[in-house]
Amino acid sequence: MNRLLSHRWAKPLVFALCLLPLSWLLYQVVQDLLGANPQEALIRATGDWALRFLVIVLAVTPLRELSGLSALARYRRMLGVFMYFYALLHFLSYSGFDMGFDVADIFNDIVKRPFILVGSLALQLLTPLAATSFNAAIRAVGAQRWQRMHRLVYAVAGLAILHFFWMRAGKNDFAEVAVYAGILALLLGWRLRKLRPRPR
Ligand code: HEM
11 MNRLLSHRWA
21 KPLVFALCLL
31 PLSWLLYQVV
41 QDLLGANPQE
51 ALIRATGDWA
61 LRFLVIVLAV
71 TPLRELSGLS
81 ALARYRRMLG
91 VFMYFYALLH
101 FLSYSGFDMG
111 FDVADIFNDI
121 VKRPFILVGS
131 LALQLLTPLA
141 ATSFNAAIRA
151 VGAQRWQRMH
161 RLVYAVAGLA
171 ILHFFWMRAG
181 KNDFAEVAVY
191 AGILALLLGW
201 RLRKLRPRPR
């Protein structure tokens, strides 16, 4: 399995798989399958995929350690950039469909609605992480500082769940939020477990 994951065609295949959600959304747009409010459906769907990729990115290390498949580490940065890609699509859909790309309106909305403020904080924290997901950037930043910087993804996880929770508070519908919060708590707990001092 490790050899399969290291195969030269494996990464392009995973790249193509990461584009499937976008292809499916575009297909639904063209076929008019997004219901009465396709714009809202697109904002939500891209938000959902940003969160799902966040879970996938944070699951790579525990999966690698549990399975012994070291080659999984090859995919973490690419999956991280796709997470940012879907979060950007989410922000652009909101900016276009909800705000008509009116910068003043977007700023007012960020100030007015806490869940939007929290979403924008998450996106702002993700930006330097995505920008430094390339070899040249890692060399420029230095491996240790890069590792420390990328721990910001844990804060993004908290902000994304708060964003989702607050967004659903108006609808009193927390089932999905609870599932994502539970999975992310497990994945972060896995990392905290490693910080515990080992008994001598
Ligand atoms: C500037 C940044 C962001 C803005 C302006 C924004 C805006 C929004 C809006 C307006 C909605 C509600 C859509 C509706 O039902 O009307 C929403 C939902 C959501 N957003 Fe964001 N968001 C941002 C960042 C993020 C980020 C970074 C993530 C994930 C990592 C995220 C994940 C979600 C999720 C999961 C939902 C719920 C979708 C559902 O109901 O199924 N958002 N966001």
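Using our numbering, you'd call the opening residue of the sequence shown number 11 and step up by one each time.
Built from N, CA and C at the ideal position, the CB exists for glycine as well.
Here the structure is a predicted model, which is why all the values come from computation and not from measurement.
When the distance is taken between beta carbons, is residue j closer than 8 Å to residue i?
i	j	result
His9	Phe117	Since the displayed the chain opens at 11 and closes at 210, residue 9 lies outside it and no answer follows.
Arg178	Val187	yes
Ala10	Val91	The displayed coordinates of the chain run from 11 to 210. Any statement about residue 10 would go beyond what the structure contains.
Val113	Leu139	no
Thr56	His100	yes
Val24	Met88	yes
Residues in the same chain with beta-carbon distance under 8 Å from residue i, minus the five sequence neighbours each way, listed in chain order, please.
i	result
Leu52	Leu35, Val39, Leu44, Ser103, Phe107
I think residue i touches residue j, with their Cβ atoms under 8 Å apart; what is that distance to the nearest whole Å?
i	j	result
Val151	Thr137	Wrong, their Cβ atoms sit about 14 Å apart, outside the cutoff.
Leu135	Val166	5 Å
Please go through the same chain and pick out, in chain order, the residues whose beta-carbon is closer than 7 Å to the beta-carbon of residue i, but skip the five residues on each side of it.
i	result
Asn145	none
Ser130	Ile120
Ala170	Leu61, Leu64, Ala132
Leu32	none
For residue i, which residues from the same chain have a beta carbon less than 6 Å from its beta carbon, with the 5 sequence-adjacent residues on both sides left out?
i	result
Leu68	Leu197
Can you give me the C-alpha to C-alpha distance between residue i and residue j, rounded to a whole angstrom?
i	j	result
Leu61	Leu73	18 Å
Asp42	Leu76	43 Å
Ser105	Ile66	26 Å
Trp156	Ile148	6 Å
Leu15	Arg203	27 Å
Asp6	Leu127	Nothing can be reported for residue 6, as the shown portion of the chain is limited to 11 through 210.
Arg161	Tyr94	15 Å
Val12	Ser80	Note on identity: in this sequence residue 12 is Asn, with Val being the wrong assignment. Asn12 and Ser80: Cα-Cα distance of roughly 7 Å.
Ala46	Ala185	23 Å
Gln49	Gly78	43 Å
Gly192	Asp58	16 Å
Tyr85	Gly168	23 Å
Leu30	Tyr37	10 Å
Lys122	Asp115	10 Å
Tyr96	Leu27	14 Å
Arg158	Gly199	18 Å
Val189	Ala20	30 Å
Pro22	Ala153	25 Å
Leu98	Lys181	25 Å
Arg54	Leu205	35 Å
Phe175	Phe111	25 Å
Between residue i and chain D, is there a C-beta pair that is closer than 8 Å?
i	result
Leu197	Among the protein chains of the structure shown there is no chain D, as only one such chain exists.
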